[in-house]
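In what follows, a single structure is set out as structure tokens and then discussed.
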Amino acid sequence: MKKINVVTSVLKANDAVASGNRERMEGAGMLVLNITSAPGSGKTALLERTIPALAPEMKSAVIVGDLQTTRDAERLGDLAVEVTQINTEGGCHLSATQVSDALDGLELKDLSVMFIENVGNMVCPSGFDLGEHVRVAMLSVPEGADKVAKYPTLFQPADVILLNKMDLAEVLEYDTSIVREDLSRINTRAPLFEISAKTGEGMDQWLDWIRNRYQHQGK
Ligand SMILES: Nc1nc2c(ncn2[C@@H]2O[C@H](COP(=O)(O)OP(=O)(O)O)[C@@H](O)[C@H]2O)c(=O)[nH]1
Ligand SMILES: [Mg+2]
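In terms of my numbering, the sequence shown is residues 1 to 219.
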């Protein structure tokens, strides 16, 4: 009997829809970022700071994926121009089709940036292109300094890496050199920004990086 490779065909179908998403958002002059990390690293907290800081120049929309609840969408509702919550009902990552369905309800030409907050998970989201231009991988200080080495599939495809909760680094005796050393083997392409979404430390570097990337491709 002929061998059927289910995983490959699922990914191929996802990639085709992802390309369509990218074309739609590119056609509207948008920059699209897909933010991936473990649950609780601070993805929503990052957006709570990032979106208002960019607001004078850029209109942001958010698509946020969670297994259940609209809690993140509620946190971001007053900040972004458009917020769409996707409940994956057990799914451990967002798919390009879910993002495509969310795009159907949006007036893209009025928007500059789309932030996609993926489902909190360090494994599942990695293989699924959503139609983004920028893959963001985040880790945070309380998770420990070994996560880059342990979850290379999250950090390898990243275009920018954020190390969050730096306000806790001293009390947790965090050694950032371990992260940098692991990245020197896994991903030398992406810049690493040490930030705190709580205090705002390091946020300027991240904001400038987005502005720069947007100018490079935007309207
Ligand atoms: N100390 C500290 N706490 C943070 C920081 N960023 C997020 N948090 C807290 O970490 C928890 C999880 O953050 P959240 O944004 O919901 O994470 P998400 O699951 O990745 O979206 C919340 O209690 C945040 O207030 C930070 O930079 N420093
Ligand atoms: Mg969140």
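The C-beta atom is built at its ideal place from N, Cα and C for all residues, glycine as well.
Item                                                                                                                 : Value
Under the three-state DSSP convention, the category S9 falls into                                                    : helix
D66, enclosing beta strand (DSSP E) - first and last residue                                                         : S60 to D66
Inter-residue spacing [alpha-carbon to alpha-carbon] between K219 and S112                                           : Bear in mind that the predicted position of K219 carries a pLDDT of just 48, short of 50, making it too unreliable to give a figure here.
Nonlocal neighbours in the same chain, by C-beta distance under 6 Å from V134, ignoring five residues either side    : L33 and D159
For S60 and T199, the rounded distance between their alpha carbons                                                   : 22 Å
For A53 and R203, believed in contact at Cβ under 8 Å, the rounded distance                                          : Sequence check: residue 203 is Met here, not Arg. Contact holds; Cβ gap of about 7 Å.
Length of the line joining the Cα atoms of E74 and E181                                                              : 38 Å
Endpoints, beta strand (DSSP E) assigned at A53                                                                      : Element bounds for A53: not the beta strand (DSSP E) but the alpha helix (DSSP H), K43 to L54.
Neighbourhood of R22 by C-beta distance below 6 Å, restricted to the same chain and skipping five residues each side : G131
Closest by C-alpha distance to L172, when choosing among Y214, V141 and L162                                         : V141
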